[in-house]
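Residue numbers (the working numbering), protein chains in the order written: chain A, 183 to 504; chain B, 183 to 504; chain C, 4 to 317; chain D, 4 to 317. Ideal Cβ placement from N, Cα and C applies to all residues, glycine included. Computed from a predicted model, the values in this text were never measured in an experiment. A short write-up of the structure that comes next.
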Amino acid sequence: MSVTYVDAIRDAQEKLLRDDPRVFLYGQDISQFGGAFKATKGLAEAFPGRVLDSPISEDAMIGMAVGAAIEGLRPIVEMQFADFSSIAFNQIVNQAATHFYRTGVPVPLTVRLPSGGTPGSGPFHSQSMEALYAHYPGLIVVTPATVSDAYHMLLDAVALDDPVIYCEHKFLYRWLKAPRINGDGLPIGKARITRPGKHATVVAYSAMVHEAVRAADRLKEEGGWEIEVVDLRSVKPLDMDTVLASVARTGRLLALGEAFPWGGVTAEVVSRVCVEGFHLLDAPPLRLNSRDTPVPYHPKLWAAHRPTPETICIELRKLLTF
Amino acid sequence: MSVTYVDAIRDAQEKLLRDDPRVFLYGQDISQFGGAFKATKGLAEAFPGRVLDSPISEDAMIGMAVGAAIEGLRPIVEMQFADFSSIAFNQIVNQAATHFYRTGVPVPLTVRLPSGGTPGSGPFHSQSMEALYAHYPGLIVVTPATVSDAYHMLLDAVALDDPVIYCEHKFLYRWLKAPRINGDGLPIGKARITRPGKHATVVAYSAMVHEAVRAADRLKEEGGWEIEVVDLRSVKPLDMDTVLASVARTGRLLALGEAFPWGGVTAEVVSRVCVEGFHLLDAPPLRLNSRDTPVPYHPKLWAAHRPTPETICIELRKLLTF
Amino acid sequence: MLKARLLESKLSSLYKAGKIVGGVYLGKGQEAVSASLGASLVRGRDIFAPLIRDQAGRTAFGESMLDCTRTYLGSVLGPMKGRDGNIHRGRPLEGLPAMISHLGTTVSVVAGMLVARRLKGEMAGVVGATCVGDGATSTGSFHEGLNMVAIENLPMVVIVANNQFAYSTPTDRQYACEDLLDRAKGYGVAGHSVDGTDMLACSKVIGRAVTLAREGAGPQMVVARLLRLSGHGEHDDGSYVPNTLRAGNLGRDCLEVATAQMTEGGYAGADEIERWKTEFTDEVQAAVAQAQQEPAPDPWDEEWFACKSTTGRL
Amino acid sequence: MLKARLLESKLSSLYKAGKIVGGVYLGKGQEAVSASLGASLVRGRDIFAPLIRDQAGRTAFGESMLDCTRTYLGSVLGPMKGRDGNIHRGRPLEGLPAMISHLGTTVSVVAGMLVARRLKGEMAGVVGATCVGDGATSTGSFHEGLNMVAIENLPMVVIVANNQFAYSTPTDRQYACEDLLDRAKGYGVAGHSVDGTDMLACSKVIGRAVTLAREGAGPQMVVARLLRLSGHGEHDDGSYVPNTLRAGNLGRDCLEVATAQMTEGGYAGADEIERWKTEFTDEVQAAVAQAQQEPAPDPWDEEWFACKSTTGRL
Ligand SMILES: Cc1ncc(C[n+]2csc(CCOP(=O)(O)OP(=O)(O)O)c2C)c(N)n1
Ligand SMILES: Cc1ncc(C[n+]2csc(CCOP(=O)(O)OP(=O)(O)O)c2C)c(N)n1
Ligand SMILES: [Mg+2]
Ligand SMILES: [Mg+2]
């Protein structure tokens, strides 16, 4: 028996509902139907009255979660796709994110965003929106890349007193499996060295961690290069200690992300490393993102729009031969 | 007689309405009332039927402008405050921004965002949202800092075939005056050297250009330092040629912005300079943004939340003495 | 209607055979409503913004079948060049806007197209129309858009295809009014109600709404009662739809009703309908075959820029 | 009502004297509506989400005057500590949420607070309420929120203070229905209409709506007709309001009407009202004086973090 990434998300919600009476789930088609991706399968039956179908009203979904959180509950809102959170954008960045600073009253809510691209999903079912939410003060933004992180970070997200944007990658849902969920005790805000190395550091998050590892494997075979892969785990807070320590070891940095190229996590990572660890760098840092167009529908275009092991290897070779 | 920054915006719209029958204006309270900041004063009378009051429906305001642009018109939408564009976020980034890529049909619309902080305006009337829109493919994002740029860049924005987010700074509206509007012929996409120098480069945009110049003046007096100030003018496209040429001259970079610190223009500028011009830097680059909280209401907090000549000087001294 | 049904069932089998990537969304059971609208509009003059269940309306409005198959099958020769897929296609310059996924957002876009016509002095006799589902009525975008249409008093027809479910969500989790028609008055638009399984009724009621809008009677809202006869998409079996609903009047197949109405009313004989079927099936096969043999987009040829005015790096 | 009016006119003079930075938004002319709501609610049990013109409702609900003056004058001892100002104050844990500026957004927040009460089993006898203007009804947020309230069948009262303008925009550019009350049915909520200048009528109609909600009759919407007797904010002279409107029934000053109603009805004598006036004026003076002598926030003492769980760098 193995656990998929989406199972882990489901199981975490089950545990939360079981252990914490303050938790309830709200989202489109999440009750009897179990959600568009089955991340809440069976939970409505197991926890009557605590898994509620919402109307197609993303703005009000978040407004209502803020209200419930003010009253001490711990709502988890499922957006059907991250892309639809654009409708809730105002309630997230202005209502939820400012509340603690303005009033001193925390709003512990978790928004689950099924994020990232899959073949054929097109411009409106593929977006990675972490950078938008990380830009605004008052939000925690997490991006689990492993089955166990998907589980533990959802528990941790709900335990935090702040609004958390939980970006779960749709490509990993069923593709990523683990024999079991194990706890390695890393809290939100700590990055992980997924693959140790010494010649260059790739800082990645979410699905791109796996592409980075693939690229690292190739370069190992190809030339014996040892590439270190850092999984940020949360993009806000950003664990600069781990990132800088890695760059100190390798002297070389590639920041890798699946989001659009202007701004975003890779810009933040590269600029922080340059500001805080300029002297650690033995070569100019590099960035690799998706292209500056909407995420295309056709699988062939899609595969060329996002970073792949091939394009990651190209960047890494530049870095290694500088 | 002198022209203020907001006059320039008004006059540009007048010229556009006069010269181009495709142009019309849409926004809350912009007709008889002339807009919350009087940026459309007198235009409804002068151009009957082409300056329309909208309901409080930012989402539909942009949707309607997209439709009109598809049909070949050139709408200019005034958001009453940039902050309220959060309601239109979806229509801007998903409807307007993707249209040309998806269909080949351009949507030449201009969204005017009264942006940035002023004392006492608080968390919801002070935001700088350029980084959000620049992150999404398909949008041009401009940030005029001078009276003449306010005028010419609005004309240029409307002439472009793409959706343009025109960020006008509220603090400059009446405070910034020029004897007249002059054309220096810089197109959108070109930065300007506002103040030449040789010891360090400050890359800024919008109101922060003026704070940078003030800081530069002080350091000139203080120690004869010659600080070069680059005004980006548009944050997407980013004129890296001008920025890199300046850094090549000075060897030192401070990226300055009024937006929130995570991500944003300063991250993009620093990371691009480091990726593309690493060898040009004689010292680690620095960034200065506002603080990572909502923009506070109280003038004393507000003044400490955003960069000021004092805090800019502190960063510059670090840079100069490295 | 018939053409659309045949086209869509082909799409469904292509999907099930793994020939279509992404989603396939059908309008099965909603053809009478959609086709009535499409047929009442004039291509080249009117504006029609279809949603996910409007294959029949598209066909009736005159969208070419190739636009459909090319987009579904990812041909680079299609109107979206493989950049967008399935029901997200359109030809905006020909009065057929290409929907984004976010529900409710077409209303204000069509409003804007009509406002432009008015400003250009080209409004005379023009109608704009869009369809939404019961679920889409819960969006803020729908509300803001329809309210704006009413304020501007635009010649627009908004069809609400109330198919009792939004994906799996039944209407009692979507709204609490007795009938969505009750909303018309609150917007100040005219309201019409119709049995969406009854082709003749649809054609009459929707046709009249279009005529009213065209003649200057302002915005019209038509609420059609019906049932989706497929899953939400072809990945979904729709097992949450209770059998009682399926067995009732709403569960009637509008195509069967229409066939009966045509033969009984003497509009067409049974063999004529059979002939159409063969003809349309051939047409569908041809359109599929052509799209299938056409090239997919090539990433190396693709122009990777989203802005028209700058082809360089942003 | 009287207290709120006196407080607000003090705020207005402070603003004009340059003592208040940012905006000052008054509820002049809307006190009867707002106070009727505030007085019908029970502090410590009910939830009241005021909007910009609800000083009277706040006062009646029991918000302390110091919360108001401290927030307007930027005292660090106020509930917002100078981080937010003027009407954006609240005490969410005491049933008084602090509004953000974006209109329409309070509806779903109150809905969430009520849903929480229900899930906690603490719903019995609770009412949630909020006020919006005519302009705010055009927001998608209002629509989504009210629809959600109706679906959840929450004990909520939504007051629409239709003061004929949204900033400078008259209602014919805001909606096209005959009466905003026509919207109630479309949401499936009960609708009530009231003359907002008539204190006794307001107290009766709004009181009844609150009672109905409390007793389980579901969501209630009250549309009050009135006129704003000030500018949009104190920076605005409201010159766009036509004199005919001001001279008509809507232009009546609800405070004068109320005074007459109280004396004529024998609820209070003229001298009693005079006594209140002196008493309240003193109270206002004291609250202003105290807030004015209190310290402003000090940037060096300020905790510059927006998240509770991380006090460090993000
Ligand atoms: C704003 C938004 N939220 C969520 C979705 C995901 N979604 C796509 S179709 C659908 C159900 C639509 O139901 P309805 O409007 O009744 O149309 P139907 O599918 O029944 O024809 C949902 C929830 C979306 N497209 N847009
Ligand atoms: C979403 C949004 N858009 C714009 C504004 C700017 N704004 C503040 S108050 C106001 C007018 C509100 O009118 P109404 O709702 O009728 O309330 P009133 O001021 O008349 O009491 C506007 C446009 C806002 N606060 N929120
Ligand atoms: Mg439906
Ligand atoms: Mg009003």
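With the rule of 3 Cβ pairs closer than 8 angstroms, the stretch 120-135 of chain D does not count as touching the stretch 188-200 of chain D. The beta carbon of S242(D) sits no closer than 8 angstroms to any heavy atom of ligand 2.
Between D70(D) and R94(D), the CB-CB gap stays under 9 angstroms.
By the C-beta density criterion, E181(C) is exposed, having fewer than 16 other C-beta atoms within 10 angstroms.
For E155(C), the number of other beta carbons within 10 angstroms of its own is at least 16, and it is reported as buried. Membership of A437(B) in the beta strand (DSSP E) is indicated by the continuous run 435-438. Below the 7 angstroms Cβ cutoff, chain C contributes E147, N150, M151 as neighbours of S239(B), in chain order. In chain order, H195 place their CB closer than 8 angstroms to the CB of R211(D), counting only its own chain and leaving out the 5 sequence neighbours on each side. Rounded to whole angstroms, T172(C) and R231(C) show a C-alpha spacing of 13 angstroms.
Annotation: Cβ neighbours of A309(C) in chain A (cutoff 7 angstroms, chain order): D474, T475, P476. Look at A261(C) here: in three-state DSSP terms it is helix. Contact annotation: in the stretch 291-321 of chain A, residues whose CB is within less than 8 angstroms of a CB in chain B are P305, F306, A313, L314, A316, H317, Y318, P319, G320. Counting only Cβ-Cβ distances below 7 angstroms, S78(D) has no contacts in chain A at all, with the closest Cβ about 15 angstroms away. Residues of the stretch 269-286 of chain A with a Cβ closer than 9 angstroms to any Cβ of chain D, in chain order: I269, N272, Q273, N276, Q277, A279, T280, H281, F282, Y283, R284, T285, G286.
The beta carbons of I347(B) and L368(B) sit no closer together than 9 angstroms. DSSP lists D413(A) as the bridge partner or partners of R374(A).
Taking non-hydrogen atoms of ligand 2 into account, the C-beta of A292(D) is found less than 8 angstroms away from none of them. Short of 7 angstroms from the beta carbon of L501(A), and not among the five residues preceding or following it, lie these beta carbons of its own chain, in chain order: A382, R434, L436, A465, L468.
When 7 angstroms is used as the limit between beta carbons, H91(C) is near these residues of chain A: G304, in chain order.
Proximity of S111(C) to chain B, defined by a Cβ-Cβ separation below 9 angstroms, is satisfied. Here F282(A) is not near D338(A), since their CB atoms are 9 angstroms or more apart. The CB of I154(D) comes closer than 9 angstroms to the CB of S141, D175, R176, Q177, Y178, A179 in chain C, given here in chain order. Between E492(A) and S472(A), the beta carbon gap of about 14 angstroms keeps them out of contact (Cβ cut-off 8 angstroms).
Ranking G406(A), A327(A), A194(A), G365(A) by CA distance to the CA of G298(A) puts A327(A) first.
Chain A has a Cβ within less than 9 angstroms of the Cβ of K418(B).
Y315(A) counts as buried, since at least 16 other C-beta atoms from the protein chains shown sit within 10 angstroms of its C-beta. For secondary structure counted as the alpha helix (DSSP H) over 4 or more consecutive residues, the stretch 188-246 of chain B holds these complete runs in sequence order: 225-228. Excluding its 5 nearest sequence neighbours in each direction, L291(B) has C-beta neighbours in its own chain below 6 angstroms: A247, A251, P257, P345, listed in chain order. Residues of chain B with a Cβ closer than 9 angstroms to the Cβ of A132(C) do not exist; the shortest Cβ-Cβ separation is about 13 angstroms. With distances taken between CA atoms, V213(D) lies nearest to G41(D) out of G41(D), K22(D), K31(D), K13(D).
Listed along chain B is no residue with a C-beta nearer than 8 angstroms to that of P245(D); the closest approach is about 12 angstroms.
Only residues of its own chain outside the window of five on either side were considered, and among them S267, L295 have a CB closer than 6 angstroms to the CB of M261(A), listed in chain order. In the three-state reduction of the DSSP assignment, L122(C) falls in the helix class. With a cutoff of 8 angstroms, A169(D) counts as near ligand 4, since its C-beta is closer than that to a heavy atom of the ligand.
Interface flag for V248(A) against chain D is set, since a Cβ pair is found closer than 9 angstroms. Going by C-alpha positions, K123(C) is about 22 angstroms away from L149(C).
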